[in-house]
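Q: Below is one structure. I have some questions about it.
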Amino acid sequence: MMKDTKKRNIICTAILAVIVLALIYFANNYLDAYIVRILNLCAIYTIIGLSMNLINGFTGLFSLGQAGFMAIGAYTVAIFTLPLDMRSTIFYMEPMNPAIAGIHLSFVPALLLGGVIAGVAAFLIGAPVLRLRGDYLAIATLGFSEIIRILLTNLQSVTNGPLGINKIPDNANNMWWSFGVAIVILILTALLINSSYGRAFKAIREDDIAAEAMGINLFKHKVMSFVVGGFFAGVGGGLYASLLGTVDPKQFYFTLTYNFLLIIVLGGMGSISGTVIASFIVTCGLELLRTFDEPLTVAGYEVSLFRPGFSMVIFSLLLMIIVLFYSKGLMGRTELTWDRIFRFFEKRRSKKSPKSTEGGGTK
Amino acid sequence: MTLELFLQNLANGIAVGSLYALIAVGYTMVYGILRLINFAHGDIFMMAAYFTFFGVAVFHLPWYFACIFVVVLTAGLGMLIERVAYRPLRDAPKDSVLVSAIGVSFLLENLATYIFSGKPKAFPDFLGLMSTISLGTVSLQKVALVVPLVLVVCMSILLFVTNKTKLGMAMRAVSKDYEIARVMGININLVIAATFGIGSGLAAVGVILWGMKYPQVSPLMGVMPGLKCFIAAVIGGIGNIKGAVLGGFILGLIEVMLVAFFQPLTGYRDAFAFILLILILLVKPTGLIGEKTTEKV
């Protein structure tokens, strides 16, 4: 019996993998650029949503620094992948610092470097502030992401200041990159969460004083979760920069973090599959909501409700509604596993239990 | 550095500091009672700026009437937010409440952008408080002289309310432990709503004076003051009214002085507050004159 379900799960996973690969191949070659771009954005939001869920959902550290880590990754990719001959035209206000002016990296090393620098930054901020709790930690990490943004605005010779860097070589606009990295990070997160470290993270989330009493090294595990989350967010930020083709400090205002907060709250704080589902819903939803920003004319009358800014009002209202009425999110702390899906369908078929929707996270 | 320059910056620092203090007091009261960062406080402040703009520049209300109108309306807004976004989550995990606070802040910013458009508007100058006068070698806006006075008056009223009245006693009880306060028969919903009303009213008083110094109204204007005043409250010891005033002055003075003495740091002005916050949290997490709280398992 046990063996049968295990075999079934492996087969299902294999089939799913083939389907996903086929879909990526199809989308990459046959869909139009706009849709590919949105799908890429979905994958990138998945990466950063996972990194934030690792810190906030699984370890229970309420951090609002994701935009800062993203910015570090994004700027690293922007600075080092920019072709050498184009640098003087972009850095025209103040030439690039000679220490980095001659360094050019290809995409993958730049992406990894971005992740590593973000991870180091996460360590530097995490080591002192992670003993704070709850809202103090939230405001300290938020402050940290603002400090990063202020540094990016002022270090003219490295980041080109408020003008930002444009014409970043377009590497991530290929779906294999964004989805490939997203899948790798998804697997890494799942492995981490199910390891002994992951169990320590969850213990800290439940009650850090009790966890410490049980012999869990709080500092080590909190910093580890924070650094790994920072690394992932840095990689996600690098992909983001490459996808958009341009970075400037204004993009990384701390309200950017709220997008990921919505994703992890909607998906469920502490659910990997919830994060993936919510990333797609939120990213596509934001794109769909954009139609509300266009003026709408019904039978000759212009509906005055529809004007720029309306989509963001709806977006923030949705966040409020989810928090107030649906605070567990789509998945709560559970994962969408094959066992769960099959059980869901079996219950449906037998129709014995009236609570047949329990646990079926695909609704 | 000449003496005149020092005095000038000292005066500027005190003016900025007392503004921070005024808003930080509202912050600290709400935090003291709910143990929650009211992320929306800065945005309530921003809405109050729009109320002032509409009251004075659009509807041309007389100044005393406009002030009352703005304070009452803002207090009402604060109580409404508490009713809709915080009260339903009173027994929920703290993270949910924090997310709800962030959601309210985001909603207010987006609503303001949608309704009033993102274009900044000029804050109306009433009573000529924006004009400058010179005292010896120091030149100051008139409003800079009014702010400390208003601060003293508000502080005195507030200390009287919290220390001498029945409502104040209930507030202190709720801030110690609201479960017990509830059991003891205190109507905690009423007390918390009143605290939000007072805190938001103080934000409204703050914005009327703030607008004289920084005469621009825009949907994101509350973000930085909101964060800085929170930081001021933490520096002094959050939940403590005198601490908030102390923190406000420290933050205002340090900011003005650092920028005045080290010109190249001008671009980093907004970063000081955060660095100061992180330092304070590390060295003395309870703030300069805050009470020590014990961790409960």
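So the sequences go chain by chain: A and B. The numbers in this note's numbering rise by one with no breaks, and the one at position 252 of the first sequence is 285. The numbers in this note's numbering rise by one with no breaks, and the one at position 4 of the second sequence is 375. Ideal placement from N, C-alpha and C gives every residue a C-beta, glycine not left out.
Against chain A, does aspartate 641 of chain B count as a neighbour if the rule is that its beta carbon must be under 7 Å from one of theirs?
A: Against chain A, the CB of aspartate 641 of chain B has a partner CB under 7 Å away; the residue lies at that interface.
Q: Out of A:Glu320, A:Phe339, A:Asn89 and A:Leu188, which one is the CA nearest neighbour of methionine 126 of chain A?
A: A:Leu188
Q: Ends of the beta strand (DSSP E) at valine 509 of chain B?
A: Boundaries of the beta strand (DSSP E) harbouring valine 509 of chain B: 509-512, taken from the DSSP string.
Q: Under DSSP, the alpha helix (DSSP H) around valine 295 of chain A begins and ends at which residues?
A: According to the sequence shown, residue 295 of chain A is leucine rather than valine. Where leucine 295 of chain A is concerned, the enclosing alpha helix (DSSP H) stretches over 288-300.
Q: Would you verify that the beta carbon of serine 84 of chain A is, or is not, closer than 7 Å to some beta carbon of chain B?
A: no
Q: Report yes if the C-beta distance between serine 211 of chain A and alanine 311 of chain A is below 7 Å; otherwise report no.
A: no
Q: Taking CB distances under 7 Å as the criterion, tell me whether asparagine 560 of chain B reaches chain A.
A: So no, asparagine 560 of chain B is outside the interface.
Q: Do the CB positions of isoleucine 80 of chain A and alanine 274 of chain A come within less than 7 Å of each other?
A: no
Q: Assuming tyrosine 398 of chain B and phenylalanine 601 of chain B form a contact by the criterion Cβ under 8 Å, report the distance between their Cβ atoms to the nearest whole angstrom.
A: Right, their Cβ atoms sit about 5 Å apart.
Q: What are the residues that DSSP puts in a beta bridge with valine 588 of chain B?
A: B:Lys492.
Q: For asparagine 130 of chain A, I'd like the list of residues in its chain whose CB is within less than 6 Å of its CB, leaving aside the five on either flank, ordered along the chain.
A: Within the same chain, and ignoring the five residues on either side of asparagine 130 of chain A in sequence, the residues whose Cβ sits closer than 6 Å to its Cβ are Ser190 and Val191.
Q: How many angstroms separate the CA atom of alanine 223 of chain A from the CA atom of methionine 85 of chain A?
A: 14 Å
Q: Closer than 7 Å by C-beta to glycine 93 of chain A: which residues in its own chain qualify, once you throw out the five before and the five after it? Chain order, please.
A: Ile237 and Arg238
Q: Interface residues of chain A around valine 470 of chain B at Cβ under 7 Å?
A: Leu294, Val298 and Val356
Q: Would the segment 417-434 of chain B count as touching the segment 578-593 of chain B if we require 3 or more Cβ pairs under 8 Å?
A: Short answer: they touch.
Q: For tyrosine 291 of chain A, I'd like the list of residues in its chain whose CB is within less than 8 Å of its CB, leaving aside the five on either flank, ordered along the chain.
A: Leu352
Q: Just verifying my parser: in three-state terms, what is the DSSP assignment at leucine 506 of chain B?
A: strand
Q: What's the gap between the Cα of threonine 533 of chain B and the Cα of serine 178 of chain A?
A: Going by the C-alpha atoms only, they are around 36 Å apart.
Q: Got a sec: does the ligand SAH put a non-hydrogen atom nearer than 6 Å to the Cβ of proline 341 of chain A?
A: In terms of ligand content, the structure shown is empty, and the ligand SAH therefore cannot be addressed.
Q: Where lysine 667 of chain B and tyrosine 549 of chain B are concerned, what is the direct C-alpha to C-alpha distance, given to the nearest angstrom?
A: Because the pLDDT at lysine 667 of chain B is just 46, under 50, the model does not fix this residue reliably, and the point stays unresolved.
Q: Starting from threonine 484 of chain B, find everything on chain A with Cβ-Cβ shorter than 9 Å and list it in chain order.
A: Within 9 Å Cβ-Cβ: Pro341, Gly342, Met345 and Val346.
Q: Which residue comes first and which comes last in the alpha helix (DSSP H) that contains methionine 85 of chain A?
A: 66-85
Q: Using a C-beta to C-beta distance shorter than 7 Å, which residues of chain A count as neighbours of lysine 465 of chain B?
A: Chain-order list of chain A residues neighbouring lysine 465 of chain B: Gly167, by C-beta distance under 7 Å.
Q: What distance in whole Å lies between the Cβ atoms of valine 518 of chain B and serine 389 of chain B, which are believed to be in contact at a cut-off of 8 Å?
A: 4 Å
Q: Report the residue from B:Phe377, B:Phe477, B:Glu626 and B:Ile408 whose alpha carbon sits nearest the alpha carbon of alanine 173 of chain A.
A: B:Ile408
Q: Three-state secondary structure (DSSP) at leucine 165 of chain A?
A: coil
Q: For chain A, check one thing: does any of its Cβ atoms lie closer than 7 Å to the Cβ of asparagine 383 of chain B?
A: no
Q: Where do the ends of the alpha helix (DSSP H) carrying methionine 400 of chain B lie?
A: Per DSSP, methionine 400 of chain B is one residue of the alpha helix (DSSP H) stretching across 374-405.
Q: Relative to the C-alpha of glycine 447 of chain B, which residue among B:Gln634, B:Gly572, B:Gly403 and B:Phe633 is closest?
A: B:Gly572
Q: Which residues in chain B have a C-beta closer than 7 Å to the C-beta of phenylalanine 95 of chain A? List them in chain order.
A: Asp466 and Leu469
Q: Assuming alanine 155 of chain A contacts glycine 270 of chain A (C-beta within less than 8 Å), just tell me the rounded distance between them.
A: With a Cβ gap of about 12 Å, alanine 155 of chain A and glycine 270 of chain A do not count as contacting.
Q: May I have a chain-ordered list of the alpha helix (DSSP H) segments no shorter than 4 residues that lie completely inside the segment 446-496 of chain B?
A: 465-487
Q: Output the distance between the C-alpha atoms of threonine 390 of chain A and asparagine 558 of chain B, rounded to the nearest integer angstrom.
A: Reliability of the predicted coordinates at threonine 390 of chain A is poor, the pLDDT of 45 falling under 50, and no value is obtained from them.
Q: Under the three-state reduction of DSSP, which class applies to leucine 225 of chain A: helix, strand or coil?
A: Assignment of leucine 225 of chain A by DSSP, reduced to helix, strand and coil, places it in the helix class.
Q: Opposite valine 280 of chain A in the DSSP bridges: which residues?
A: Bridge partners of valine 280 of chain A: A:Ile198.
Q: Should tyrosine 230 of chain A be flagged as near chain D, meaning a C-beta pair shorter than 7 Å?
A: As a matter of chain content, chain D is missing from the structure shown, whose protein chains are A and B.
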